[in-house]
Amino acid sequence: MKDAYTREELFHILANERTSHRIELARAEGALMMIDALQRLGLVDEPDDDSFRSIDWKLGDVAAQLAELSVRGEVPPSWQEMFDRLCEKGRKLNEAVWTYFYDRAVENEEWLIAMENSEADF
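Under my numbering, think of the first position of the sequence shown as 159, with each following residue one higher.
This is the structure we're talking about:
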């Protein structure tokens with residue numbers, strides 16, 4: 159890995175990261191819209207051994223993805239309103255599932271950050 163970057167290289171790296179985070183928000187919005195449509199049409203399966211339907215797992219994936227972005231501070235300020243709307247939409251779809259997966263992801267991500275920081279101290 160390169161030790162030093164030019165200003166132009168740093169600009170492109172940061173621009174790509176910001177774009178990728180925005181793409182993640184757009185994908186999350188699409189997934190939530192799909193989950194909503196499937197629920198409204200009654201196209202949901204039976205719960206599995208963990209008492210979750212496949213639609214719940216999909217909602218959990220979106221919740222975890224958004225939680226990770228939030229904990230890492232990777233939601234651009236100009237997109238915070240969209241982020242908040244997506245979280246609200248997720249809670250409205252199934253508050254218990256959303257809260258469970260979102261909170262778990264926050265805990266996991268905070269633990270990972272703590273581990274990364276402790277490794278950096280060595």
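C-beta atoms are modelled at their ideal positions from N, C-alpha and C, and glycine is treated no differently.
Values in this document were obtained by computation on a predicted structure and should not be read as measured data.
- Between Asp219 and Arg211, the beta carbon gap of about 13 Å keeps them out of contact (Cβ cut-off 8 Å).
- Between Asp194 and Leu251, the C-beta spacing is below 8 Å.
- Just so you know, the alpha carbons of Arg249 and Pro234 end up roughly 22 Å apart.
- The Cβ atoms of Ala186 and Gln238 lie no closer than 8 Å to each other.
- Setting aside the 5 residues that flank it on each side, Met192 is surrounded in the same chain by Lys216, each with a C-beta closer than 8 Å to its C-beta; the list follows chain order.
- Within the stretch 205 to 246, complete alpha helix (DSSP H) segments of at least 4 residues are found at 212 to 229, given in chain order.
- Between the C-alpha atoms of Asp206 and Glu182 there is a straight-line separation of about 28 Å.
- Burial is judged here by how many other beta carbons sit within 10 angstroms of a residue's own beta carbon; Ile271 has fewer than 16 and is exposed.
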